[in-house]
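A.B. asks: Structure below; questions to follow.
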Amino acid sequence: MTTLKQQALDYHEFPRPGKISVESSKPCATAADLSLAYTPGVAAPVRAIAEDPANAYRYTNKGNLVAVITDGTAILGLGNLGPLASKPVMEGKGILFKRFADIDVFDIEVDAPSVASFIETVVNISPTFGGINLEDIAAPHCFEIEEALKARLDIPVFHDDQHGTATVMCAGLLNALEIQGKQVGDIKLTCLGAGAAGLACMRLLIAMGGKKENMTLVDSKGVIHSGRTDLNAHKQEFAKDTEMRTLADAMQGADVFIGVSGPNLVSGAMIKSMAAKPIAFAMANPDPEIYPVDAHAVRDDLIMATGRSDFPNQVNNVLGFPYIFRGTFDARAKAITQPMLIAAARAIAQLAKEPVPAEVLQAYGVKELSFGKEYIIPKPFDPRLIDRVPPAVAAAAQPGL
Numbered sequence: 001m002t003t004l005k006q007q008a009l010d011y012h013e014f015p016r017p018g019k020i021s022v023e024s025s026k027p028c029a030t031a032a033d034l035s036l037a038y039t040p041g042v043a044a045p046v047r048a049i050a051e052d053p054a055n056a057y058r059y060t061n062k063g064n065l066v067a068v069i070t071d072g073t074a075i076l077g078l079g080n081l082g083p084l085a086s087k088p089v090m091e092g093k094g095i096l097f098k099r100f101a102d103i104d105v106f107d108i109e110v111d112a113p114s115v116a117s118f119i120e121t122v123v124n125i126s127p128t129f130g131g132i133n134l135e136d137i138a139a140p141h142c143f144e145i146e147e148a149l150k151a152r153l154d155i156p157v158f159h160d161d162q163h164g165t166a167t168v169m170c171a172g173l174l175n176a177l178e179i180q181g182k183q184v185g186d187i188k189l190t191c192l193g194a195g196a197a198g199l200a201c202m203r204l205l206i207a208m209g210g211k212k213e214n215m216t217l218v219d220s221k222g223v224i225h226s227g228r229t230d231l232n233a234h235k236q237e238f239a240k241d242t243e244m245r246t247l248a249d250a251m252q253g254a255d256v257f258i259g260v261s262g263p264n265l266v267s268g269a270m271i272k273s274m275a276a277k278p279i280a281f282a283m284a285n286p287d288p289e290i291y292p293v294d295a296h297a298v299r300d301d302l303i304m305a306t307g308r309s310d311f312p313n314q315v316n317n318v319l320g321f322p323y324i325f326r327g328t329f330d331a332r333a334k335a336i337t338q339p340m341l342i343a344a345a346r347a348i349a350q351l352a353k354e355p356v357p358a359e360v361l362q363a364y365g366v367k368e369l370s371f372g373k374e375y376i377i378p379k380p381f382d383p384r385l386i387d388r389v390p391p392a393v394a395a396a397a398q399p400g401l
């Protein structure tokens with residue numbers, strides 16, 4: 001029997017290496033076609049763009065082209081393996097952009113000796129693209145990179161590990177809270193993982209009504225508290241005056257657990273110590289902080305989500321980033337703002353409450369899906385996402401229109 005590892009390697013190697021390619025969008029079969037595609041015909045759009053740079057959106061693919069860019073310092077759950085090793089992930093991102101939102105991608109893996117050189121590389125190549133999707137860049141450098149690029153570029157810059165994760169997490173959490181009869185402003189929350197994803201999740205949740213004083217963040221050294229002297233500026237934002245020191249301390253009485261850390265870090269006893277009707281999002285991939293079977297074994301009133309497709313309630317970034325970019329491009333927005341992310345989260349959450357089409361049930365081999373503890377978020381292959389999320393994002397980009 002072929003192993004999953006071998007299946008994955010074969011998938012990437014055959015019938016031709018890699019997962020994406022460049023295809024012509026215009027005919028080039030005759031001498032007349034050639035004269036339009038290249039010289040002399042190409043001179044006309046060149047002159048038009050030189051006269052007005054906005055014409056690049058009329059005569060080139062700039063307005064539907066995203067750069068998926070990384071330095072390979074935080075590849076999935078595999079760590080800093082370098083830019084070349086990250087290429088399969090970046091190509092995979094390209095497939096998802098194209099499959100779910102018909103957005104074209106060039107994947108770009110940058111071997112940069114410093115944060116400054118990485119930033120300059122992206123700035124220098126930015127005229128090619130309509131948007132920049134930063135990927136798999138380690139914290140805290142990812143914050144500096146994103147902030148610098150947003151300040152210097154006039155096209156959307158989006159770090160999916162931060163904002164895509166936050167958007168989809170908030171969508172699922174809104175629905176889980178509704179089912180459990182809890183309000184976002186009242187919950188006591190513990191977040192394990194204080195890197196790019198964890199901090200972005202907390203910031204977006206605060207923008208949607210969560211209270212920072214009710215949030216306890218935990219990193220590899222324990223609770224992020226005001227007495228620690230090893231915190232960067234981003235973690236200091238969430239440092240609290242507390243006597244809690246361990247994850248077990250922070251889990252006691254918590255309404256919500258958000259995990260964006262590593263495998264098997266949460267015990268059944270920790271889940272058992274949570275408040276009534278708890279919610280646990282164990283989103284580490286490929287192995288969650290705690291497996292659903294172990295969590296449900298100690299709490300029958302629990303709503304559980306993971307980042308895996310083989311368990312109910314997958315928190316999957318593909319529900320977010322393709323549609324966020326599609327709405328951004330449709331609105332010709334120059335930035336992806338917090339209101340746009342909130343609009344996306346609410347649109348995703350709302351879709352889970354509606355009857356599920358037969359084609360989705362067929363795709364996942366189930367007879368029924370309905371809003372409840374094991375269906376708090378839409379499935380990635382739900383065809384209605386493209387009709388719901390981009391218009392919500394575009395409307396938030398252009399309020400009043």
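Using the working numbering, the letters of the sequence shown map in sequence onto residues 1 to 401. Quick reminder that beta carbons are idealized off the backbone N, C-alpha and C, glycines included.
1. Measure the alpha-carbon distance for R299 versus A254 and round it to whole angstroms.
2. Pick from I69, H12 and Q398: whose alpha carbon is nearest that of V123?
3. Does DSSP put D52 in a helix, a strand or coil?
4. Three-state secondary structure (DSSP) at E289?
5. Could you tell me the boundaries of the beta strand (DSSP E) in which N80 lies?
6. Starting from V68, trace the beta strand (DSSP E) both ways and give me its first and last residue.
7. Looking at the structure shown, is A200 part of a helix, part of a strand, or coil, going by DSSP?
8. State yes or no: is the C-beta of T246 nearer than 8 Å to some heavy atom of the ligand COA?
9. Between the alpha carbons of D230 and Q236, how many angstroms are there, rounded?
10. As a quick exercise: from D310, A344 and N316, pick the residue whose alpha carbon is nearest that of R326.
11. Can you list, in chain order, the residues of its chain whose CB lies under 8 Å from that of G222, leaving out five sequence neighbours each side?
12. Please work out which residues of its chain come closer than 7 Å, Cβ to Cβ, to V339, disregarding the five sequence neighbours upstream and downstream, and give them in chain order.
13. Secondary structure at E91, three-state DSSP: helix, strand or coil?
14. Pull up the distance between the alpha-carbon of P292 and that of N61, whole angstroms please.
15. Which residue wins for smallest C-alpha separation from L174, given the options G209, G193 and R203?
16. Does DSSP put C170 in a helix, a strand or coil?
17. Confirm, please, whether the CB-CB distance from I75 to A67 is below 9 Å.
18. Looking only at DSSP bridge pairs, what is G131 linked to?
19. Which residues in the same chain have their Cβ closer than 6 Å to the Cβ of A37, if we skip the five residues on either side of it in sequence?
20. Taking the alpha-carbon positions, what's the L319 to F118 distance?
21. Do you know offhand how far I132's Cα is from V110's?
22. Please list, in chain order, all residues of the same chain as L199 whose beta carbon is under 6 Å from its beta carbon, the five residues on each side excluded.
23. Please go through the same chain and pick out, in chain order, the residues whose beta-carbon is closer than 7 Å to the beta-carbon of G63, but skip the five residues on each side of it.
24. Which one or two residues does DSSP pair with Q314 in a beta bridge?
25. Cα-Cα, which of V389, D382, A284 and T306 is closest to R346?
26. What does F281 pair with, by DSSP beta-bridge criteria?
27. In the DSSP output, which residue or residues are listed as bridge partners for V105?
28. Kindly identify the DSSP beta-bridge partner or partners of F97.
29. Am I right that A282 and V266 are in contact with their C-beta atoms under 8 Å? What's the rounded C-beta distance?
30. Nearest-angstrom Cα distance between G172 and A116?
31. In angstroms, rounded to a whole number, what distance separates the CA positions of A112 and D382?
32. Is G372 helix, strand or coil when you go by DSSP?
33. Would the beta-carbon of F106 fall within 9 Å of that of T128?
34. In the DSSP assignment, find the unbroken beta strand (DSSP E) run with V356 in it and report its ends.
35. Let me make sure I understand the geometry here. Which of R384, A335, I125 and A138 has the alpha-carbon closest to that of V356?
36. In terms of residue numbering, what span does the beta strand (DSSP E) encompassing D300 cover?
C.D. replies: In terms of the structure at hand:
1. R299 and A254: Cα-Cα distance of roughly 13 Å.
2. Of the residues I69, H12 and Q398, the one whose Cα lies closest to the Cα of V123 is I69.
3. In the structure shown, D52 adopts coil according to DSSP, grouped into three states.
4. Three-state result, E289: coil.
5. In the DSSP assignment, N80 falls outside any beta strand (DSSP E), carrying neither H nor E.
6. Run containing V68: L65 to T70, per the beta strand (DSSP E) assignment.
7. DSSP places A200 in helix when its eight states are reduced to three.
8. This structure lacks the ligand COA, and indeed carries no ligand of any kind.
9. C-alpha separation (whole angstroms): 9 Å.
10. Checking every option, the nearest Cα to that of R326 belongs to A344.
11. Here the set comprises R245, T246 and L247.
12. Residue identity check: residue 339 is Pro in the sequence provided, not Val. A396, listed in sequence order.
13. Taken through DSSP and simplified to helix, strand or coil, E91 comes out as helix.
14. Distance between the alpha carbons of P292 and N61 is about 44 Å.
15. Of all alpha-carbon atoms in G209, G193 and R203, the one lying nearest the alpha-carbon of L174 is that of G209.
16. The answer is helix: DSSP assigns C170 an H, G or I state.
17. Taking 9 Å as the Cβ cut-off, A67 and I75 do not qualify as a contacting pair.
18. DSSP links G131 through a beta bridge to V66.
19. Same-chain partners within the cutoff: C28.
20. Between the alpha carbons of L319 and F118 lies a distance of about 28 Å.
21. C-alpha separation (whole angstroms): 14 Å.
22. These residues qualify, in order along the chain: H234.
23. Y57, G130 and F329, listed in sequence order.
24. DSSP lists T306 as partners of Q314.
25. Per the Cα distances, V389.
26. Answer is I258 and A305, bridged to F281.
27. Per DSSP, V66.
28. Note: F97 sits in no beta bridge, so no partner.
29. Between V266 and A282 the Cβ distance is about 7 Å, and since that is below 8 Å, they are a contact.
30. In a straight line, the C-alpha of G172 is about 36 Å away from that of A116.
31. Spanning the two alpha carbons is a distance of roughly 38 Å.
32. Assigned with DSSP and collapsed to three states, G372 falls in strand.
33. Contact flag set, yes.
34. V356 -> no beta strand (DSSP E), and no H or E assigned at all.
35. From the listed residues R384, A335, I125 and A138, the smallest Cα separation to V356 is found for R384.
36. No beta strand (DSSP E) holds D300; DSSP gives it neither H nor E.
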